[in-house]
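Read through the structure below, which is laid out as structure tokens, and then see the notes.
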Amino acid sequence: MPLLEVNDVHAYYGNIHALKGVSLTVEKGEIVTLIGGNGAGKTTTLRTITGLMKPRDGHVIFDNEDVSKYPAHAWVSRGIAMVPEGRGVFAKLSVEENLELGAFHRNDKENIKDDIEKSYEMFPRLGERRTQLAGTMSGGEQQMLAVTRALMSKPRLLLMDEPSMGLAPVLVDVIFEAIERINQEGMTVLLVEQNAHMALQIANRGYVLQTGQIVLTDKADVLQKDPTVQKAYLGIE
Amino acid sequence: MRRFNYIDLVLWLFRIGIIGVVLWGMTGKFILGIGNDYTISDWLDFFVSGLSQGSLYALIALGYTMVYGVLFMINFAHGEFFMAGAMTSTVLVALPLENAGYVERFPWLSLLAIFLSAVLTSVLVAVLTERIAYRPLRNAPRLVPLITAIGASFFWQYYFRGLFGSSLLPFPEFPMFDGKIAFWGLDFQKADIAVILTSLVVMFGLQQFVQRTKTGRAIRAVAENKDAATLMGIDVNRTITITFIVGASMAGVAGVLYSIVFRQLNFVMGFIPGIKAFTAAVLGGIGSIPGAALGGLFLGIIEAIGPPLFLEGLGVAGSHQLKDVIAFTMLVLVLIFRPQGIIGERLAEKKA
Ligand SMILES: Nc1ncnc2c1ncn2[C@@H]1O[C@H](COP(=O)(O)OP(=O)(O)OP(=O)(O)O)[C@@H](O)[C@H]1O
Ligand SMILES: [Mg+2]
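Chains V and A, in that order, are what the protein sequence lines are. Residue numbers for the first sequence follow my numbering, beginning at 1 and rising by one. Residue numbers for the second sequence follow my numbering, beginning at 1001 and rising by one.
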């Protein structure tokens, strides 16, 4: 049984048919990447998986349970966390408050403190800035915060929407290394990326999304060698 | 260099004009000696009554600013939450208690009952308004809830007029707020001191709530980014309701404090304080909690000190009746020159 199963999901913005029957699965322990061009529907797919958007048709099944019946804010306590597009840190709150909000649904106060310290160990830059307002940090630091904040909810599935966006190459490496490390510790990851090159390197499997439809799926190393993928997403002629 | 256009010119003339009026008025007052001759203790009286009035504005303004913070909407019915609490607690609790002689025998207990009933009523009215009138419009264009709020405001005014009539209601006299009290050889109105102290305590409590509690943090998160807040597991609608409850509680407290000071109320009593508090919230930068508190205090003080300080000197008769003019001039000036408020926050939100 896959941990996550997106089953023939249709989603609309008004009359715009953004997802035209998207199906995908993520097995426990995998890194799966979803690649595609601008406007393909990657963010929309993640929004339906987190409940921020209700699909008009189709199902999102997480851990054998149709999560569509829960209100969006209840999904995180089911075990789904997301690092949203553009990071979505709370700019006027301190780093530490952002992390505390990541643990909003948890009641184990003592462990929350420990987990915050672990976040600082993972990214010492955050530890040095714990009282700083998140909005005053650099893009890379905000991305580190967004990742650790998502982990604070103790998810079983981590969704990430273009974590490399707008970052200098060095920082992209830092973030991708962190994703690999989190995965090795047992986290299941669904990674949306335009940086298909990097994403396919760390992923087990990949899906290619085009105008609201999955057009291709395979093992990551196979996709890397696929001529259409190379041409469209890896910039290889 | 920026092109010097004629709107700038008009704005500058406007500024110079205002400064001119103020200076001219103060010259008239202090050098030419126009108007009454006030002693230091008179000025102190103006200041303290301004501070007391300003505390009321601040308490109401906090509700405006918090709701604006989470919904980006000016809740024009907020003044009615204040009125509803004051009227209901007076008619259903204060006056019956007075008639039964309880106000005289147990003034503090009676007062407690009045505060509780006022807060409960304000909260009830606020929650109903939010549920019925605002929530269905959550995704409508911004103008729609604004117009609805004005409609809700009229609805509550005439609803309470229907309930309690349109004549002025007297608020009972409480011995502990009657007369003056001396500090450091100076006399202060007890009622003013009570209002100032109560407001300070309430505002301190609010500050602690917003900064230190989990719910307070949720309110700030929702104010910033509703989707991200939802991803954290925060129930956005519930948080918005809590924000209304907190704002309405403060309006309810302000309603009773207003009743203690002015001792006369009716169904339109929420209108002017509501607009003044809105002015205060804008002065402090709408959306900012400390801004609303400071804006309220500032507005109360300038209203009290402005007329004797620079209107009397212009030879304006009955200048103290012009405090509303001062308040609304301030509103217009701030909207023209500093729409982000006098102490409006300008956090550099980095995009990269
Ligand atoms: N709020 C919205 N209102 C209307 N249409 C939208 C909205 N958000 C997205 N869309 C449309 O839905 C489609 C899918 O958008 P989506 O944001 O999911 O794409 P994406 O693959 O994440 O793109 P990008 O790589 O640019 O982030 C696009 O055609 C987009 O224009
Ligand atoms: Mg996107």
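The beta carbon of each residue, even a glycine, is placed where N, CA and C say it ideally should be. Since this is a predicted model, take the numbers as computed values, not measurements.
When 8 Å is used as the limit between beta carbons, asparagine 1225(A) is near these residues of chain V: Gly88, Phe90, in chain order.
Rounded to whole angstroms, the separation of the alpha carbons of serine 1167(A) and glutamine 1157(A) is 13 Å. In the displayed model, glutamate 128(V) falls within a helix according to three-state DSSP.
Assigned with DSSP and collapsed to three states, phenylalanine 1188(A) falls in strand.
Selection Val1334(A), Asn1266(A), Leu1013(A) evaluated against arginine 1161(A) yields Asn1266(A) as nearest (Cα-Cα). Taking a 10 Å sphere around the C-beta of leucine 1112(A), we find fewer than 16 other C-beta atoms and assign the residue as exposed. Tyrosine 1006(A) counts as exposed, since fewer than 16 other beta carbons sit within 10 angstroms of its beta carbon.
Uninterrupted beta strand (DSSP E) stretches at least 3 residues long and entirely within the region 1235–1263 of chain A do not occur. Looking at the backbone, the Cα of isoleucine 1074(A) and that of threonine 1065(A) are separated by about 8 Å.
In this chain, the alpha helix (DSSP H) harbouring aspartate 1227(A) covers 1226–1231. At least one heavy atom of ligand 1 falls within 7 Å of the beta-carbon of threonine 44(V). Counting along the chain, the unbroken beta strand (DSSP E) around aspartate 57(V) starts and ends at 57–62. If you compare the alpha carbons of Val1091(A), Leu1197(A), Ile1289(A), Gly1313(A) with that of phenylalanine 1209(A), the shortest gap goes to Ile1289(A). Nearest to threonine 1239(A) by C-alpha distance, out of Ile1114(A), Leu1097(A), Glu1130(A), Leu1044(A), is Glu1130(A). At least one beta carbon of chain A lies nearer than 8 Å to the beta carbon of alanine 72(V). In this structure, the alpha-carbon of aspartate 57(V) lies about 52 Å from that of leucine 1056(A). For phenylalanine 1171(A), the closest alpha carbon among the candidates Ala1223(A), Tyr1134(A), Ser1089(A) is that of Ser1089(A). Taken through DSSP and simplified to helix, strand or coil, proline 1307(A) comes out as helix.
The C-beta of asparagine 1099(A) has fewer than 16 other C-beta atoms within 10 Å across all chains shown, which makes the residue exposed. For asparagine 7(V), no alpha helix (DSSP H) run applies; the uninterrupted beta strand (DSSP E) run containing it begins and ends at 4–13, by DSSP. Here alanine 203(V) carries a coil assignment [DSSP, helix/strand/coil]. Taking 8 Å as the threshold, the shortest C-beta distance from methionine 1232(A) to chain V falls below it. In the same chain as isoleucine 1260(A), and ignoring 5 residues on each side of it, the C-beta atoms closer than 8 Å to its own belong to Phe1171, Phe1174, Phe1177, Ala1191, Ala1194, Val1195, in chain order. With a threshold of 8 Å between beta carbons, valine 1236(A) makes contact with chain V.
Counting C-beta atoms within 10 angstroms of its own C-beta, methionine 137(V) has 16 or more neighbours from the protein chains shown and is therefore classed as buried. A distance below 8 Å between beta-carbons, with the five flanking residues on each side excluded, links leucine 209(V) to the following residues of its chain, in chain order: Val22, Leu34, Ile35, Gly36, Ala40, Gly41, Lys42, Thr45, Val215. When distances are taken from the beta-carbon of glutamate 162(V) to the heavy atoms of ligand 2, the shortest one is below 7 Å. The shortest C-alpha to C-alpha distance from alanine 1126(A) to any of Leu1146(A), Tyr1102(A), Ser1153(A), Asn1139(A) is the one to Ser1153(A). Around the beta-carbon of alanine 1084(A), 16 or more other beta-carbon atoms lie within 10 Å, marking it buried. Chain A places a beta carbon closer than 8 Å to that of methionine 82(V), counting this residue as a contact.
Inclusion of glycine 1054(A) and glycine 1296(A) in the CB contact set at 8 Å is warranted, their separation being smaller than that value. In the DSSP assignment, leucine 145(V) falls within the alpha helix (DSSP H) that extends over 139–151. Leucine 99(V) sits close to isoleucine 116(V), with the two beta carbons spaced by under 8 Å.
Excluding sequence positions up to five before and after glycine 1151(A), its CB lies within less than 8 Å of the CB of Ala1133, all in the same chain and listed in chain order. Relative to ligand 1, the beta carbon of glutamine 194(V) is positioned inside 7 Å of a heavy atom. Residues of the same chain with a CB within less than 7 Å of the CB of alanine 91(V), apart from the 5 flanking positions on each side, are Leu133, Ala134, Gly135 in chain order.
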